[in-house]
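Residue numbers (the numbering used here): 1 to 440.
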RNA sequence: GCCGCCAUCGUCUAGUGGUCUAGGACAUCGGGUUCUCAUCCCGAAAAUCACGGGUUCGAGUCCCGUUGGCGGCACCA
């Protein structure tokens, strides 16, 4: 029976964790949880030149936002310098390493080959040892390199399976040689394929938002991002496309991972996010939208208020793919619309007709019994349209533009209801005034 | 250049030698519902399974080669 599964996510603090790294972290997390093991976090901050101070909190925030909690205290490599040095010295003293210009180099084996079974794809990967050159394990500033630090820590942390990106495949022989030199058990390795940008190149900053937190800011839900990422390279045996974290844990196995790199297509993410938004309870969606708006307005949010949101959410729920879509769709409700001649003309061709129609509509509205009822409103204006040679679409579009300035909005009657009779009349009047002015 | 990984619709993928004249999802296009936009429903187009050789009665599935993509070859991780 295998020992306890202990795995780790080991980012270096050089910026916001991007979706590729996070997907590897996700796979690692799922593997741990599926096997009732531990998921640990270690930050590899051994290169002070490349370090970005904010990345520490970005790493924590990203993991927390996605719901990937780690099980033990975070390990910071920068606090363990003496441990690495001690191990480097141990190799030096046993003639397995040598010093050159202040740095310590590891002597690699030059004969034979080194191989391992990679859990992703369950395949054997082999390197000829003569291809593996001696490499630095302790730099002249006494900081360890990745190779030494990760091997030492993985051993000391009792890591059972080393999961990381496939760009580490070529250095794995170095790591195996280190384990052997120390006389330690060699963990299992699993290298997951990369995520590529649409042009098949490695995902990088120039492709725009690639950090996990960028997606948060763009209005994506963590559940949707997770779900999208997990499907990049993995299909659950059940074939389900929409699944919760616990369903993923239930079904996950490293051996089912695809070996080919995947391209990140944001359009599918957007679809999935829409699916999640639609199945979210209104009350929960309310707090999510409110929090999102507060976040991006840095707390200076005036509208919508809590009770305004209650009315609006059912109207927008099926119309937004991202939380951020809420803004352009609803801001006319709390901000004065800006009118444009051309927008009106998209509904009715002649400007003079528009003025005339709007005037009459206004009269009808003023005479309508208050409070306005949706069905009354609809009936009245359907009749109005018929008697003026307008289609229902034209009629309602004209009203829509008059009260919102836009051709697209949530359903008209409900929007009018939220605005209220007074505000609706006021806007219709303003629209009319605008048109009369611009046509004179 | 050397070494390694990879290769099914535009994209994510199903497929583990015969049931594949290749299935699903996103995107695209067309239609229906409808006050706009969406949602929802129906339908279409889209992959000679990168190419070439084998093995086999039979290959998308196994083997070899080629091509292409990606990665590594730092006192970065």
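Every residue gets a Cβ at the ideal spot worked out from N, C-alpha and C, and that includes glycine.
If you're wondering where the values come from, they're calculated on a predicted model, not measured in any experiment.
Apart from sequence neighbours up to five positions away, no residue of its chain approaches residue 296 with a beta-carbon distance below 6 Å. Taken through DSSP and simplified to helix, strand or coil, residue 382 comes out as helix. Taking the CA atoms as reference points, residue 72 sits about 42 Å from residue 307. Per the DSSP secondary-structure output, residue 98 pairs in a beta bridge with 105. Considered as a whole, the segment 37–121 harbours 55–66 and 81–93 as its complete alpha helix (DSSP H) runs of no fewer than 4 residues, in chain order. The three-state secondary structure of residue 427, taken from DSSP, is helix.
Two segments are said to touch when three or more pairs of C-beta atoms, one from each, lie closer than 8 Å; by this definition the segment 263–270 touches the segment 191–209. Under the criterion of beta carbons closer than 8 Å, residue 127 and residue 150 do not qualify as touching, at roughly 18 Å. The residues 277, 313 and 317, in chain order, have a CB closer than 8 Å to that of residue 285 in the same chain once the five nearest residues on each side in sequence are set aside. Around residue 87, the same chain offers 152 as residues with beta carbons nearer than 6 Å, after the five sequence neighbours per side are excluded. Annotation: residue 416 to residue 28 spans about 51 Å, alpha carbon to alpha carbon. Every alpha helix (DSSP H) of 4 residues or more that sits fully in the segment 299–365 is shown, in chain order, as 306–316, 326–330 and 341–345. Contact holds between the segment 40–50 and the segment 8–27, because three or more Cβ pairs, one in each stretch, are under 8 Å apart. Sorting 260, 21 and 301 by C-alpha distance to the C-alpha of residue 233 places 260 at the top. Judged by DSSP secondary structure, residue 161 falls within the beta strand (DSSP E) whose first and last residues are 161–165. In the DSSP assignment, residue 249 is bridged to no other residue. Measuring C-alpha to C-alpha distances from residue 413 to each of 437, 255, 301 and 378 identifies 378 as the nearest. Close CB contacts of residue 355 within its chain, under the 8 Å cut and outside five residues either way in sequence, are with 432, 435, 436 and 439 (chain order).
Within the same chain, Cβ atoms closer than 7 Å to the Cβ of residue 366 are found at 425, the five residues on either side in sequence being excluded.
Where residue 278 is concerned, the enclosing alpha helix (DSSP H) starts and stops at 266–279. Note on geometry: alpha-carbon atoms of residue 82 and residue 245 lie some 39 Å from one another.
Between residue 215 and residue 62, the alpha-carbon positions lie close to 10 Å from each other.
Distance from the CA of residue 396 to the CA of residue 361, rounded to the nearest whole angstrom, comes to 11 Å. A distance below 8 Å separates the beta carbons of residue 348 and residue 394. In this structure, residue 118 keeps its C-beta atom at 8 Å or more from the C-beta atom of residue 25.
A distance below 6 Å between beta-carbons, with the five flanking residues on each side excluded, links residue 56 to the following residues of its chain, in chain order: 13. The bridge partners DSSP lists for residue 188 are 161.
Residue pairing from DSSP places residue 262 in a beta bridge opposite 195. Residue pairing for residue 9: DSSP places it in a beta bridge opposite 41. Under the three-pair Cβ rule at 8 Å, the segment 130–138 counts as touching the segment 95–109. Around the C-beta of residue 408, fewer than 16 other C-beta atoms lie within 10 Å, and the residue is accordingly described as exposed. Counting every other CB atom within 10 Å of its CB across the protein chains shown gives residue 172 a total of 16 or more, marking it as buried. Put simply, of 335, 169 and 90 the residue whose alpha carbon is nearest the alpha carbon of residue 181 is 90. Note on residue 376: under 16 other CB atoms within 10 angstroms of its CB, so exposed under the neighbour-count rule.
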